[in-house]
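K.L.:
Order-wise, the sequence lines are chains A, B, C and D. Just add 69 to the spot in the first sequence (first one is 1) and you have the numbering used here. Just add 506 to the spot in the second sequence (first one is 1) and you have the numbering used here. Just add 187 to the spot in the third sequence (first one is 1) and you have the numbering used here. Just add 2 to the spot in the fourth sequence (first one is 1) and you have the numbering used here.
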Amino acid sequence: MADVTGVLDLRRSPLADTAFGVTSPGLSLDELPFRSLVEVRSPEPPTAPGLVWRLGPAWWLVDDSPTTEPALEVPLADEVRAANPGCPVVDVSAQRTTIVVTGEHATRLLAHGCAIDLTVLPVGEAVQGDLAGAQVVIGRTADELRIYVRPAFARHLAAWLTDAALPYT
Amino acid sequence: MARRLPTGGSRIDRSRPVTITVDGETVEAYAGDTLASALLAADRLLVSRGIYSGRPRGVIGVGVEESNAYVQVLDDGHVDRGGDQGGGGGEPMVAATTLEVADGLAVERIAGRGWLSTDVDHRRYDTLTTHCEVAVVGGGLAGLRAAVAAQAPGVRVLLLDDGPVLGGAAADLPAGSPAGLELEALLGELTCEVLVRTTVTGSHGHGRLVAVERGRRLHHVQAARIVLATGAQERPMVFEDDDRPGIMLACAAADYVSRYGVLPGERAVVWTAHDAGIHAALELAAAGTELAAVLDVRGSMAPELAGALDALGVPVHLGAEVTGTDGSDDETGRLVRVHTSAGSWDADLLAVSGGSNPAVQLFSHPGGRTRWSDEVAGFVPDTPAPGQAGRESVVGAAAGETATIPGWREQLTPPAAWFRSSVGDPERVFVDPHRDATLHDLRRAHAAGLSSVEHVKRFTTVGTGADQGRGFGVLTVGILAQELGRPVGEVGTTTYRPPYLPLSFGLLAGRNRGVLSDPVRVSQVHDRVAHAPMENVGQWKRPWFFPTADETGPGAMDAAVAREVAAVRTGVGMMDASTLGKILLQGADVGVLLDRVYTNLFSTLKVGKVRYGVMCGPDGMVIDDGTTARLSETAWLMSTTTGNAASVYDALEEWHQTEWPELDVTITSVTDQWSVVAVAGPSSRFVISALAPDLDVSAEAFAFMEWREAVVAGIPARVMRVSFSGELAFEVNVPSWWGAALWDAVAEAGEPWGITPYGTETMHVLRAEKGFPIVGQDTDGTVTPHDLGMSWAVSRKKPDFIGKRSLARDDAQRPDRRHLVGLVPVDGRTRIVEGAQLVAHGADLTAFPVAMAGHVTSAYPVGHDGQPFALALLDGGRDRLGEVLDAVDDLVPLAVRVTGPVSYDPEGARRDG
Amino acid sequence: MLRIPCPHCGERDETEFHYGGEAGVDYPADPSALADDAWAAYLFLRANPRGWFRERWFHGSGCRLWFALERHTVTDEIRSA
Amino acid sequence: MRISDRLPDHPDFLWADAEPRKSYDVVVIGGGGHGLATAYYLAAHHGITNVAVLEKGWLAGGNMARNTTIIRSNYLWDESAGIYEHSLKLWETLEDELDTQVLFSQRGVLNLAHNLADVREGKRRVNANQLNGLDAQWLSPEEIGKLVPILDVSDRPRHPVVGGTFQPRAGIAKHDYVAWGFARAAHALGVDIVQNCEVTGFQTSGDTVMAVETSRGTIGCGKVALAAAGHTAVLAGHLGVRLPLQSHPLQALVSELLEQVLDTVVMSNAVHVYVSQAHKGELVMGAGVDAHVGYGQRGSFHVIEEQMAAAVELFPIFGRAHVLRTWAGIVDVTPDASPIVGTLPFDNAFVNCGWGTGGFKATPGVGSVYADTVAHGRPHELAAPFALDRFTTGRLIDEHGAAAVAH
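(1) Do you know how far the Cα of residue 159 of chain A is from the Cα of residue 1174 of chain B?
(2) Which value, in whole angstroms, describes the spacing of the CA atoms of residue 522 of chain B and residue 607 of chain B?
(3) Do residue 1330 of chain B and residue 1218 of chain B have their C-beta atoms within less than 8 Å of each other?
(4) Between residue 529 of chain B and the rest of its own chain, which residues show a CB-CB distance below 7 Å, the 5 nearest in sequence each way excluded?
(5) First and last residue of the beta strand (DSSP E) that includes residue 728 of chain B?
(6) Provide the residue(s) that pair with residue 1104 of chain B in DSSP beta bridges, ordered along the chain.
(7) If you draw a straight line from the alpha carbon of residue 1251 of chain B to that of residue 87 of chain A, how long is it in whole angstroms?
(8) Check the Cβ of residue 313 of chain D against every Cβ in chain B and list those closer than 7 Å, keeping chain order.
(9) Does any heavy atom of the ligand NAD sit closer than 7 Å to the C-beta of residue 224 of chain D?
(10) Assuming contact is defined by CB atoms lying nearer than 8 Å, are residue 1102 of chain B and residue 1307 of chain B in contact in what I supplied?
(11) Whole angstroms are fine: how far does the CA of residue 250 of chain D sit from the CA of residue 1052 of chain B?
(12) Alpha carbons only, please: which of B/1384, B/843, B/721 is nearest the one belonging to residue 325 of chain D?
(13) How big is the Cα-Cα spacing for residue 1049 of chain B and residue 345 of chain D?
(14) With residue 823 of chain B and residue 60 of chain D assumed to form a contact (beta carbons below 8 Å), what rounded beta-carbon distance in angstroms separates them?
(15) If I follow the unbroken alpha helix (DSSP H) through residue 689 of chain B, where does it start and stop?
(16) Using 10 angstroms around the beta-carbon of residue 197 of chain D, count the other beta-carbons present and answer buried if the total reaches 16, otherwise exposed.
(17) So with CB distances below 9 Å, who are the chain C contacts of residue 124 of chain A?
(18) Could you check what DSSP says for residue 113 of chain D in three-state terms: helix, strand or coil?
(19) Chain D partners of residue 212 of chain C, CB-CB under 9 Å?
(20) Compare the beta carbon distance of residue 1025 of chain B and residue 202 of chain A with 8 Å and say whether it is the shorter of the two.
(21) State yes or no: is the C-beta of residue 719 of chain B within less than 8 Å of the C-beta of residue 701 of chain B?
(22) For the 8 Å Cβ check, are there 3 or more pairs between the segment 1107 to 1124 of chain B and the segment 1078 to 1087 of chain B?
(23) Closest to residue 1029 of chain B by CA distance: which of A/209, A/220, A/187, A/109 is it?
(24) Which of helix, strand or coil does DSSP assign to residue 156 of chain A?
(25) Between residue 755 of chain B and residue 567 of chain B, how many whole angstroms is the CB-CB distance? I'm expecting something under 8 Å.
(26) Sort A/121, A/144, A/108, A/172 by Cα distance to residue 237 of chain A and report the nearest one.
(27) So is residue 233 of chain C in contact with chain A if we call contact Cβ pairs under 8 Å?
(28) Output the distance between the C-alpha atoms of residue 1055 of chain B and residue 1037 of chain B, rounded to the nearest integer angstrom.
(29) How about residue 1377 of chain B and residue 1313 of chain B: are their beta carbons less than 8 Å apart?
(30) By how many angstroms is the C-alpha of residue 883 of chain B removed from the C-alpha of residue 921 of chain B?
(31) With 8 Å as the threshold, decide whether the Cβ of residue 264 of chain C is near any Cβ in chain D.
(32) Can you check whether the C-beta of residue 205 of chain C is within less than 8 Å of a C-beta belonging to chain B?
(33) By DSSP, does residue 52 of chain D sit in helix, in strand, or in coil?
(34) Assign residue 526 of chain B to one of three DSSP states: helix, strand, or coil.
(35) Output the distance between the C-alpha atoms of residue 191 of chain D and residue 300 of chain D, rounded to the nearest integer angstrom.
(36) Would you mind working out which of B/655, B/1392, B/938, B/796 sits nearest residue 692 of chain B, comparing C-alpha positions?
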């Protein structure tokens, strides 16, 4: 393939051309574009790099750093396939984009549009549900909430979050 | 401030004067005042008029029990962060007793009916969900005790109170009193989350409470346990002319003194049915009101109370009753004289207290049952709703406890005195002043044969006003019981329904307004096509057509579509097909599942190939169609219509999980993973080969209904040779983040061939000429694959597929079912209208009913031959080709000839270019 | 507002779910062997009790799994099936 | 301060409760609008006055007291248009028929279209209605804007108004006046109205229903006619008959009294709003049907929230109106969203159910048709297409399009 990085540079993340982004002491919102994401069906937690979120019984989402080589499927998919023989794996890297929410108001912000009790969501665990009319995966890391949302809904969610964030910024 | 006392007023801040406007006139108040206290302080007693009678009305109560003082807010003077520009135009029917004043507050007095302003509502509303282990509703002593008791590590307790301060009735007592001391102690121990000015308006079962904070924020509270400490509301009494300004609830009158430093009357008669009224009388006297007389419906009075009144030299009349009142001659009609069974007195205040009603509404919402208690003389919680049992408890005055506050406000001793047995004119005894309903109306209802309180409510409209009977409701029940000669408990109350207090539509809409009211979905190509007029397809925005600079005005769409169609038929066009649903199926048994959900055979599909399929519901009616590509032995990629992507995805899961879990299949939605650009037209092959030099696009190497992996403009892609236009066509699928780049590349590579972007309308024309139906447009849930002429896609070999059995029913076999056919205007010119009904040619359109034989499902002004054409569902249509019918739109007939559904390239010669 | 206890995700608002009606209505082994009325019964006849009802729910916004529970159609009490 | 006009007084006498007698020629089960109308037409038009109407609670306290009183006949299929138009014609003369006011107000009903699919469906219905002799029109957004000035017909709303169907003769009535009017007239003709009388079972002998067992004793019956809406499935169960019915909560709400702003009934299928401003000035709005089976006469709050969001989008002026009271009825819905009217597999038992969200508007029409069916022991011609066997033959009358518009 001719110009690898050139091809990677051709990608547009769903929120790339929007004014999305909130930065304030108590709350910040940002898109984390181009993450390598794969869904794995496996009774046990799959062997995989990066974050591994449980989406449901025998259903996992792996979140790893962006790919560096353009391909129909991110390399992470084959990597996870090899490490978890017999487990169906699907590349969903472009099926969801990632919004990172940090700050003391992060959990409360989402409570304006999500009826799930996120205050008790432990670090390392995720929930699937609805946020502001969009189906999302919400995972909690040590210092942030990660929202995985479909690109088609990303701009709606970004606009909604920006509006809801007003009182906290 | 004529009636403002020099000192006192626990809720007002005399250092912060506030100016408000009432009917255009300025009124001075203090921060912390309610509109009602400000009006009383300004000696403005006339706050409304009877909705029908026009009789002058004044403030009756001090809180949500108010039934007269409803005003139209012109501007609530509220401005806060986050863009809330305040109320602006009128908010109808706001209770003056719960409306806190603010600079700029402007109100208008009304007569029981508000109005809607056309001003834009600039207020910001939002919703917040709070989860907790214990929700305590009501911040009086009982609620505070419950909250403090529940506080523990890991236990989230949420205390909600509708007032500006905690403490409830105790907050109105001297700090040194026993209750005052306990309140101080409890507030000291309180550590849980507290929401004031937040009224719980509904208890919706399963631990869900809905509350409103200052009219702006809707709280959803999800609680493992609910403690209802909602207190009680003072009950009025009724008599002739009981509705004059100056006639108030006794405890409310006293509260105006303690909370707002307002003296509601110079000279008062107090009529009570329980000790609270006497305590109130003493408070009023202490504040400077001259007590002309105290009447108690009971035959005896507690010595210490009698002593206290005697010490003040107040005449006390036991077993006495008010018989009527006189009002002033001026427009206020304010109280000037009180007539009683013990004599008459001049007075500007008649303070009555008929007992109190435990606030059981929230207990009742989810289905809790109440019972009448003679001891309390009110309806008290009895059986909680089965769903709430164990989850919910009621404490304090709301539970009918008669001594929540030690030694304070014991309830009346039975029997409750509802009203004088021999009143004067029943048409002047108002049992619901808000609705102008009288004792006369109650008696008419009874005489009409009605005995159910629900019937009487509807007959008289009692309790249907803005106060929903919070003030007079239970009183009405008592009076009705007396009329019917039945026990109060047997008559019972009407059903309490949410909301406890009115909720504005805007509040309930919350943030879901304008563009946020329903998510807008856009493809990852959207920015490249956003200049086109958009068609709303469900939540999606799809380009409808692409007008050029000179395609404007009414004819713009026709011109653009004609140009786009011509481009695809003779050259090449491109469209964003990303919104089509895409579902990845993996596993050894995918073929088996597809054989069951599609009407045709799929398990035989070879890797590298694509097949079109039709899906039916169990009833045999078409629910979706699309192509499925076999990516590998164990992976298949299904496409669905844009609108049905979610329902097909769900249906596949349902069949797999609930009927055939033994199948080795996993199902994943990948709709958003892929951006798809369709390149269609005889020249499409040149465009694709320019974009993908390594891909052999010859008809031999890359046949129709096959797919290939390729690098397109440097982008890794999956290219499919499928066609929804009948022309040679390629659909290029790339990971969606390359969607915009792919669009640019195709546009650039296609330039030499004049590649033309086209939208949904052109796509519809192209497919319609080929007789390809659109599910949901050419079908309506009553159409089988056979009706569509797709018997070729219905397997006879397969033992079963979903819908097969239904297709075997007599009705599905009728030869006269509605078939998909084509139509052309006989005159070759006139455009056919979608939705037109088909009738016999020349049918008399004035002799109704006119027999209808079908309807037009799709119609377009021009096809490849420059003539209008249409698709239609027609009774027995396949046997009527060539027949002339009238297509009737708005009773105007158009002669049309029935054709086959395929009007272009019936032999399918063009798909290979 | 119903709170539906998803066996895999815990209690969630009903808005995350799709309702599936009566539970335990199996797709007939051999539909072609059924008379019209028996087939119609499968298609259209569902229990509609005033009381306890074993019904299906699909956690569409969550784990995407179907499950059954028992709900009282008058009081909305829920007990897992 | 503007003073309002009162609604007309109810008659001085309505009806007197009856003690159930040993037996009746016809026992009508269900004292709602349909049951009362059926009893009235049996007595007034068929000379059958030895009739009891059994109501388990208070008269007309079910869906009759819980609906949004919208009356229209603009249904898609001939069969539906037939029975609903028959009903609309009866509404137009009902005040004379019953000699009482029912406040039938023919203010017109507007069904909004929000996308191209709605437009196709709407025009198809208008054309079908016109050819069936109904008054129906297709209106452009401009015409709609003139008809309902407070409706936002600009392209601002998330789902803009792109057109609509209009039936001028449609409108609303006052449900209490209607129910009590039928009750009063039926009572005057000798019909026994028995409240607080719950049917607990039946006594049958072969193919004949001999008696009805109730909370107030056993009552013999020459014929028995079910008219219990959402509770019909339970009653039919006592007769060993399974019906293709599911009972769902259907919520509605009312605002405070407001000065007149809306003199047309406006409905929107796509966004699940239908609203009218009732005679006293309150906004009466209906929501969508809750998805789950429910008999609790309580719906889910989120349905109300979604409905309000949609309403404020279409009618920005509604933003500051208040929801005063919400409630729910129990609607019995069939697979094709059309009613079931006709005979049960007994010599003398009849069924009328499955009206879903459309029951109120059909009250006089189904009353007369059902009474005729019961009186003659065979389906009235307008009822014939709505026989139970259509679910076996597959010859359904699919009104989901119309029913989705609801009410």
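Built from N, CA and C at the ideal position, the CB exists for glycine as well.
P.N.:
Short version:
(1) 8 Å
(2) 11 Å
(3) no
(4) 614, 615
(5) 723 to 734
(6) B/1121
(7) 23 Å
(8) 1011
(9) Among the ligands in the structure shown, none appear at all, so the ligand NAD cannot be discussed.
(10) yes
(11) 45 Å
(12) B/721
(13) 53 Å
(14) About 41 Å separates the two Cβ atoms, so there is no contact after all.
(15) 684 to 695
(16) buried
(17) 249, 250, 251
(18) strand
(19) What residue 212 of chain C touches in chain D: nothing, since even the nearest Cβ is about 13 Å away.
(20) yes
(21) yes
(22) no
(23) A/220
(24) coil
(25) 5 Å
(26) A/172
(27) no
(28) 12 Å
(29) no
(30) For residue 921 of chain B, the predicted model reports a pLDDT of 43, less than 50, meaning its position is unreliable; a value from the coordinates is still stated below. Each residue's Cα considered, the two are about 7 Å apart.
(31) no
(32) yes
(33) coil
(34) strand
(35) 36 Å
(36) B/655
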